[in-house]
Structure formats: C-alpha cells, structure tokens
Amino acid sequence: MTVFIIKRIAQIVPVIFGVTLVVFLIMQMVPGDSAVVLAGEGASHETIEELRENLGLNQPLHIQYWEYIKGLVQGDMGTSLKNGSPVLDEILVRLPITIELATYSILITIVLGLGAGIVSAIKPYSWMDFGVTIIALLGISLPSFFLGILLMYTFSVDLGWLPVAGWESPKHIILPAITLGAGGAAIVARMTRSSMLEVINQDFIRTAKAKGLKGYIIIFKHALRNALIPVITVVGLQFGSLLGGTVLIESVFAVNGLGRMIVDAIRTRDLPMVQGGVLVASIIFVFVNLLVDILYKVFNKRIDLN
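In structure tokens, the structure reads:
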C-alpha cells in the first residue's frame, strides 16, 4: 500500500506540468489581449505597449512559460495581472469556500444517491423503484444552472425561505450544495441500483437468506459492501465534476470561491490566476482519485493495487 501511494504521488509531477502547459496554450488561443483589457478603453498605443513590456507579454511564449515553471518550482504561482496580488494568497482565500461547497455537495450525492439506489434495488419494478427512476432521470437531464435558477426562484424569490446569493451563513450553503449534488445523486442512485441488483442475485446472498439472516444484515453487510466498488468509482469522478461545476454554480449564486475566481480571471485574461486555479483543482482531483483507489482496497481485500 505504501509503495502504491508513493508511486501515485510521484505521478502528480508530470500531471502538474501537463496541466500548466495545456492551460497556458489554451489561454494564448483565447481572443483578446491582457494589456488592452488592463489598460481599459481609450488607452493609448504607447500605454498598452508599456504595459505589455512591464508584464513580460512581449517575451516569446516558451520564455513566458519557462519563467512561470521556474517560479512554480520555488513555490511562486505568479502575480495577478488584474490586481497585482500574489496568486497563491488569492487561492488560499477562495479555496476553503469551494472545498466547503464541494464537500456538502458530495455528502448530498452520497446520502441521497445511496439511499435511493438501495430502496430501488430492494423493491425492483415497484412504484418506489419507478418513482426513483423518474426522479433520477430528471436529475441527470436537468442542467445544473437551470436547476439552480429554479431553486433560487422557488425558495428565495417566491417563498423567501433562503437567501438568493452570497456566502455569509449556513443558509447560503443549502441551495448551491443541492444544485451541485443533485446530478451526482441521480447518477449514484442508478449505479447503486444496478450494482445491488447484480449482487443480490448471486449465490452467497441466497446462502445468507437460507441461513435465516435478517434482511437488513443481508443488505447492508453482505450486498451493499460488495456492490460499493463501482459506486466508489462514480463518487470519485463526481467529486471531480463538482470541482468543475463550481465554476458555473459559484457564478450563479455569487459565491466568491475558486470557481468564480477562475471565471473572472478568464474574462480579464489574467493568465497567472487561471493557471493557479486550474492547477490547484487538478491536484485535488488527483488526490481524490488516489483516495478512491485506497478505498477499493478497504472494501475489497482481494484487490491488488500493484
């Protein structure tokens, strides 16, 4: 296990370089000029050229990228072109908000998804199974931004139960977390149902029933444990999707997290800020995948991680 973890952590290094290179090249292809955006409308040609020179934007691309990598190795993620503040400081302020939002969302995904999937598998082809299937299909089909606007209009504007936007109190967390977690819960519910039905029909479950074990012991101790492997994979991938989804949902609910920071940085062509935000999100996703692989071993001792 220890060797496996060390190997996976070592794999993060080429992933980081790959992410930085891809993001750098994509940002170069985005229309617009950072110097023009920063100088503002009506700025003279001389002012824009002076700004480009000061920011190092006149340097060849490979030199700009090399300078960024050198700084990254020394723990310097660069300076924001927009406000001049260190990128790392800005990320450390925004990241806890996004982590908190993603954590509540993944809890909603796991609790609702597993619960609905188990209920659906225990009573297949019943009215409960039919109801869970319809709700799950709606959850998968509805775009998250549309669901967010729908929830915002219903519970904030119409009923007045929850705040429309912001991140000041626990009430502000509810709508963004449900919006982010709903789609994942629908996918987990479908996966749990399918995996549980496959396990329930196997011989060792029939043996457990023949021994007279109680139903909840058979479901939660024997069936669910063996059905969790594909579900864990889906939950791990969903966490990555949640980090990407925060880019949109944080903008919809005016949450000052990492996702909104990346959107603002893209709009102003603030390349260091975009690279820093995407890099941190990628590193988190890699570690989540490592955690998923470790959980495989925890739930099934027969799996060889090597």
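Here the sequence shown is numbered in the numbering used here, starting from 367 and rising by one per residue.
We put the CB at the ideal spot given by N, CA and C, even for glycine.
Closest by C-alpha distance to residue i, when choosing among the options
i, options, result
"M639", "K448, A552 and V597", "K448"
"N592", "I465, S510 and L661", "L661"
"W617", "G514, F651 and K537", "For the sequence presented, residue 617 should be read as Ser rather than Trp. S617 has its Cα closest to that of G514, out of G514, F651 and K537."
"F651", "D636, Q377 and N424", "Q377"
"P312", "I463, V629 and S410", "As displayed, the chain neither begins before 367 nor continues past 672, which places residue 312 out of reach and without an answer."
"L438", "V379, I476, M494 and E466", "V379"
"I392", "F370, L427, L525 and V369", "L427"
"T499", "A409, M557 and M518", "M557"
"N424", "K436, I540 and Q394", "Q394"
"D569", "H588, F653 and I488", "H588"
Neighbourhood of residue i by C-beta, 7 Å cutoff - its chain only, sequence neighbours within 5 removed
i, result
"Q430", "G422"
"K373", "none"
"M627", "E456, R460, M639 and G643"
"G532", "H538 and A620"
Cβ separation of residue i and residue j, assumed to be a contact under 8 Å, to the nearest whole Å
i, j, result
"A552", "G505", "3 Å"
"G643", "L624", "5 Å"
"P542", "V621", "6 Å"
"R559", "G483", "5 Å"
"S561", "V597", "6 Å"
"L674", "S522", "Because the chain here runs from 367 to 672, residue 674 falls outside it and cannot be looked at."
"I595", "I584", "Going by Cβ atoms, the distance from I595 to I584 rounds to 18 Å, so no, they are not a contact pair."
"V385", "L603", "Contact flag wrong, Cβ pair sits at about 17 Å."
"R635", "V396", "7 Å"
"L563", "P490", "6 Å"
"V664", "T475", "Actually they are not in contact, since the Cβ atoms of V664 and T475 sit about 19 Å apart, beyond 8 Å."
Beta-carbon proximity list for residue i, same chain, < 8 Å, skipping 5 on both sides
i, result
"I414", "D399, A401, V402 and A405"
"A468", "L546, F605, L608, L609 and T612"
"L503", "A552"
Per-residue DSSP class, three states only, for residue i
i, result
"P380", "helix"
"T634", "coil"
"P452", "strand"
"P529", "coil"
"Y491", "coil"
"E534", "coil"
"N592", "helix"
"P542", "helix"
"V396", "coil"
"F619", "coil"
"M367", "coil"
"L517", "helix"
Beta-bridge pairing of residue i - partner residues as DSSP gives them
i, result
"T445", "P452"
Own chain partners of residue i with C-beta closer than 6 Å, once the 5 adjacent residues on each side are dropped
i, result
"M443", "V453, L454 and G642"
"S471", "A543, L546, G547 and L608"
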